[in-house]
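Residue numbers (my numbering): 28 to 354.
For glycine and all other residues, C-beta sits at the position ideal for the given N, C-alpha and C.
In what follows, a structure is listed as structure tokens, so that the remarks can point back to it.
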Amino acid sequence: MVNVGIVGATGMVGRTFLEIMEQRNFPVDNLYLFASAKSKGTILNFNNTKYEVEELSEKSFDKPMDMVLFSAGGSISKKYAPIAKDKGIVVIDNSSAWRMENWVPLIVPEVNGDSIGKHKGIISNPNCSTIQSVIPLKPLNDQYKLKRVVFSTYQAVSGSGVGGLTDLEKGLSSPYHNKYPHPIAFNVLPHIDDFLDNGYTKEEMKMIEETKKILNDQDIQITATTVRVPVKYGHAVSANIELGKDFELEDIFNLFENSNGIEVLDDPANNIYPMPILAEGKDKVYVGRIRRDFSVKNGLNIWIVADNSRKGAATNTIQIAELLINK
């Protein structure tokens, strides 16, 4: 049994942490919940017990915690994660604050779980679209060597939290936007996170850099276009892949079907393929539309779907925590 803290407990991912910990029978002894001043006093349920949310402060980490799960944004993680680490508490952070630090492991348990032993007090959870993408890319890289990957994402509004969901729901009845620069209802926005000087967005660069770090392969050529779509839950990714070796399509199917965390949904004759509506509330990564790209040597197209709030965020974090306990 472990003592666990959650920072950002009242947010969408924080609440999902609690839900998944219950579902997976996570071995909690003492649980401490923290959020901003406006959420202080909120009551949350976990395993039929009511817990009162405390206001986060530097003194929060004086409590006897073995690990603390952060999902409160990068600025909060930057400020408070080192405080927790210095108290001997292992931080598992869901923001982008620490992901590209060389000394911080960036973990997807099905892909590079062995790296968890290298942590120095902080472990990062990758970007949601990166998580679901590297799970099928890992066996492909091991078997055939990835040369180039082109990501095109179709990301649900819940990836922006409650504000994204509100923009969609209110926009269905009349033009509305508050979280996004344009209405998302009946629209798609090729714009996730801030634009950078190179013309890419931060979200696109996250996918590029994090994929290389997780797969431990800086030689893969990667580009990305990330797009917000009017879907509540479930990100989709089209991955156009150039492999280093020739392949038989049957072998690709077998590779995915025997890979941990993947469920293949690919039966075009019966209109079976991954969709966000099928992934919602589940923890698998669904792969389909598996086919050759005839325009390039050793080309492959795959379509990847997962619930961004679960496997793309909370579930992956809890799996990291389980790895930590087992280690």
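- Scanning the stretch 122-207 from its first residue to its last, the whole beta strand (DSSP E) runs of 3-plus residues come out as 149-151, 173-182.
- R337 counts as buried, since no fewer than 16 other beta carbons sit within 10 angstroms of its beta carbon.
- Our two residues, E236 and P163, have alpha carbons roughly 17 Å apart in a direct line.
- Just measuring C-alpha positions, the residue of K233, S286, V176, R255 sitting nearest N214 is R255.
- The criterion of a C-beta distance shorter than 7 Å is not satisfied by P153 and S142.
- Between the C-alpha atoms of S87 and T342 there is a straight-line separation of about 24 Å.
- Here the C-alpha atom of T252 lies approximately 29 Å from the C-alpha atom of G35.
- In the same chain as C155, and ignoring 5 residues on each side of it, the C-beta atoms closer than 7 Å to its own belong to G186, H262, N335, G339, A340, in chain order.
- Each residue's CA atom was taken as its position, placing I299 and G68 some 46 Å apart.
- With a threshold of 16 other beta carbon atoms within 10 Å, K324 falls short and is exposed.
- Cβ neighbours of K145 within its own chain (closer than 6 Å, five residues either side excluded): P132.
- Within the same chain, L216 come within 7 Å of H209 by CB-CB distance, once the 5 residues on both sides are set aside.
- Taking every protein chain shown into account, the CB of A183 has 16 or more other CB atoms within 10 angstroms, so this residue is buried.
- Counting along the chain, the unbroken beta strand (DSSP E) around V29 starts and ends at 29-34.
- Residue burial annotation: M94 is buried, with at least 16 other C-beta atoms found within 10 angstroms of its C-beta.
- Going by beta carbons, S84 and T37 fall outside the 7 Å limit.
- In the three-state scheme derived from DSSP, where H, G and I count as helix and E and B as strand, F53 is classed as coil.
- Shown here, N335 sits in coil according to DSSP, grouped into three states, outside any helix or strand.
- A contact between stretches requires three or more CB pairs, one per stretch, nearer than 8 Å, and the stretch 94-114 fails this requirement with the stretch 273-293.
- DSSP, reduced to helix, strand and coil, places Q346 within a helical segment of the structure shown.
- In the DSSP assignment, L305 falls within the unbroken alpha helix (DSSP H) covering 303-306.
- Scanning K311, P91, K106 for the CA closest to the CA of F97 turns up K106.
- The three-state secondary structure of N328, taken from DSSP, is strand.
- The stretch 345-352 makes no contact with the stretch 315-324; the number of CB pairs closer than 8 Å stays below 3.
- In the structure shown, T43 falls within a helical segment according to DSSP collapsed to helix, strand and coil.
- Where N72 is concerned, the enclosing beta strand (DSSP E) starts and stops at 70-73.
- Within the DSSP secondary-structure output, G315 pairs in a beta bridge with W330.
- When secondary structure is reduced to three states using DSSP, E82 falls in the strand class.
- Taken atom to atom, the span from the alpha-carbon of M28 to that of S151 is near 22 Å.
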